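Numbering (this note's numbering), first residue to last: 438 to 931.
Remarks on the structure that follows.
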Ligand code: SF4
Ligand code: SF4
């Protein structure tokens, strides 16, 4: 084991929901399914308003040729019902942006479309299994939303790491999943190994504060799977941090774990792969922790994608004092503009927060240059410098200090004695840089269009000129011929 630089031990609040077994969430009257729930190419609807749909039916996919090779996955209906709208809705994103969504009125029957499992997957090629996983709409369920099949290309991979280190405070869904469904996770890991070209080595990493999960997985594991306990330090669950802890390899900026022959998948992604391949069920639901002081009954729920968050908070006993709803954990999560936001593939936790915590929030003070943020940053960045340049809106300098290496883990904000919301500054700077880049791209394409228009007009002008010149030359030739014929005629006449 290696220990990465920095990290923190925040109060985990996991006891609120850690003893709650995974229970099915109710079917909501409406599902709101954003067309883009993954990193990569967007999808387009393949259903129309008024269409009847079944659970597990593809309702949107990328129209590009052979989209299974692209960074995209299709979207499936998560229950049966009728498409009642395809429109822009606010989606769960820190910027509160809107995006196209398919709205389905459920019929309460939850009828599955025909399920076609690949029970004999080990007789099929890795490519075929990978394509099947792509078609099942599976993305990294640890929070990133990266299409899982992209990380299943063999490219000299020899080690699969299954990430069971759920280090964020409040979240317990992976812990419960490891305790309750270890065989599905192990079976999923086996399928992933087959899709990676039949590799042998698999490590499942579980933090040492989850002894029951460790025991359950150890008992279910086959001889090619090693379940290991790792120290509980936030953010061990980050891909780079986990790889470093297990192997000592430092993944630098721009590098992929594949450089070291490693690929990492989350425990719930492994379960989703098992369900898709062995049961023929695409990704239509996931386990979510609904917790916080503003619900009477914190729970781990198996939730249909597209379920409005309000519906889940109500199912867990909303308290009237609820002040805000956070999606994600206490360190990396962000408050939702309202609780009508839908659950998406990357939603792993909802924290219903009481108002008194917000009122008690300490006042932000000036930076005292104590260096605590630097000592705790797991990426060895200089958070204080990043803060100064974000505040000064010096977007060039802040990139020189590797802003985009920041994983927004929140360790720096957590230890800052001046209570500066450092991550908010970094998010703001990143958004401004991306906005600037988009504007520059737009300006460049507008410039190219303008230059092409000038070129086209000039070319047309020259073509017209050449045409007129040719017409004039032709006319003069014809005039000469006519005159010559007239002279000949005149001679003959005389
Ligand atoms: S921890 Fe806060 S006060 Fe200390 S240097 Fe960093 S930003 Fe400044
Ligand atoms: S939020 Fe970014 S800068 Fe702060 S500790 Fe985490 S990685 Fe470092």
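Quick reminder that beta carbons are idealized off the backbone N, C-alpha and C, glycines included.
Computed from a prediction, not measured in an experiment: that's the story for all the values here.
Identify the continuous beta strand (DSSP E) that holds residue 518 and give its terminal residues. Annotation for residue 518: the continuous beta strand (DSSP E) segment containing it runs 518-527.
Whose beta carbon lies closer than 7 Å to any heavy atom of ligand 2, going through the chain in order? Ordered by chain, the residues meeting the criterion of a beta-carbon within less than 7 Å of a non-hydrogen atom of ligand 2 are 443, 810, 813, 814, 815, 816, 818, 820, 823, 843, 844, 845, 846, 847, 848, 849, 850, 859, 860 and 863.
Looking at residue 700: is its Cβ nearer than 9 Å to the Cβ of residue 667? No.
When you compare the CB positions of residue 728 and residue 789, do they come within less than 9 Å of one another, or not? Against a cut-off of 9 Å, the Cβ pair of residue 789 and residue 728 comes out as a contact.
What residue from 624, 516 and 457 has the CA that sits closest to residue 744's CA? When each option's Cα is compared against that of residue 744, the closest is 516.
Range covered by the beta strand (DSSP E) that runs through residue 468: First-last of the beta strand (DSSP E) with residue 468: 467-471.
Label residue 545 either buried or exposed according to how many other C-beta atoms from any shown protein chain fall within 10 Å of its C-beta, with 16 as the threshold for buried. Exposed, since its Cβ has fewer than 16 Cβ neighbours within 10 Å.
Extent of the continuous beta strand (DSSP E) run through residue 514: For residue 514, there is no enclosing beta strand (DSSP E), as DSSP gives it neither H nor E.
Residue 854: CB within 8 Å of a non-hydrogen atom of ligand 1: Correct: residue 854 has its Cβ closer than 8 Å to ligand 1.
Contact set for residue 654: own chain, Cβ-Cβ below 6 Å, skip 5 residues either direction: 615, 619, 641 and 664.
Within the same chain, show all residues whose beta-carbon is closer than 7 Å to that of residue 845, passing over the 5 residues directly before and after it, in chain order. Only 769, 860, 863 and 864 meet the Cβ criterion.
Near residue 499, what residues of its chain come up, given a Cβ to Cβ distance below 8 Å and the 5 sequence neighbours on each side ignored? Excluding sequence neighbours, residue 499 sits near 478, 479, 480, 481, 507, 509 and 511.
With a CB to CB cut of under 6 Å and the five nearest residues on each side skipped, what residues in its chain are close to residue 626? For residue 626, the CB contacts under 6 Å within the same chain, skipping 5 residues up- and downstream, are 599, 639 and 707 in chain order.
Whether residue 495 touches residue 541 by CB criterion (9 Å): Taking 9 Å as the Cβ cut-off, residue 495 and residue 541 do not qualify as a contacting pair.
Report the three-state DSSP secondary structure of residue 825 (helix, strand or coil). Correct three-state label for residue 825: helix.
Please give the ranges of any beta strand (DSSP E) in the segment 670-720, keeping only runs that are unbroken, at least 3 residues long and fully inside the region. List check, beta strand (DSSP E) in window: 699-703.
Please tell me whether, using a cut-off of 8 Å, the distance from the CB of residue 804 to the nearest non-hydrogen atom of ligand 1 is below it. Indeed, a heavy atom of ligand 1 lies less than 8 Å from the Cβ.
Counting pairs of Cβ atoms below 8 Å between the segment 775-789 and the segment 598-613, do you hit three or more? The segment 775-789 makes contact with the segment 598-613, as at least three CB pairs between them are under 8 Å.
If we call anything under 9 Å between Cβ atoms a contact, is residue 447 one with residue 767? Result yes, Cβ atoms of residue 447 and residue 767 sit closer than 9 Å.
Compare the beta carbon distance of residue 579 and residue 848 with 9 Å and say whether it is the shorter of the two. The Cβ-Cβ distance between residue 579 and residue 848 does not fall below 9 Å.
Relative to the alpha-carbon of residue 818, which residue among 838, 690 and 826 has its alpha-carbon at the smallest distance? Ranking the options by Cα distance to residue 818, first place goes to 838.
Close beta carbons around residue 670, own chain, < 6 Å, minus the five adjacent residues each side: Excluding sequence neighbours, residue 670 sits near 444.
Residue 534 - DSSP class collapsed to helix/strand/coil: Coil.
Pick helix, strand or coil for residue 615, following the three-state DSSP scheme. Three-state result, residue 615: helix.
Three-state class that DSSP yields for residue 599 in the structure shown: Three-state DSSP puts residue 599 in a strand.
Taking all protein chains shown into account, decide if residue 594 is buried (16 or more other Cβ within 10 angstroms of its Cβ) or exposed. Result: buried.
Exposed unless 16 or more other CB atoms sit within 10 angstroms - verdict on residue 691: Answer is exposed; the Cβ neighbour count stays below 16.
Going straight from the alpha carbon of residue 491 to that of residue 888, what length do you get? Each residue's CA atom was taken as its position, placing residue 491 and residue 888 some 50 Å apart.
CB residue 756 to CB residue 717, shorter than 9 Å? No, the Cβ-Cβ distance between residue 756 and residue 717 is not below 9 Å.
Please tell me whether, using a cut-off of 8 Å, the distance from the CB of residue 857 to the nearest non-hydrogen atom of ligand 1 is below it. For ligand 1, at least one heavy atom lies less than 8 Å from the Cβ of residue 857.
Given 8 Å as the limit, is there contact between the segment 865-877 and the segment 825-838, that is, 3 or more CB pairs closer than that? Two segments are said to touch when three or more pairs of C-beta atoms, one from each, lie closer than 8 Å; by this definition the segment 865-877 touches the segment 825-838.
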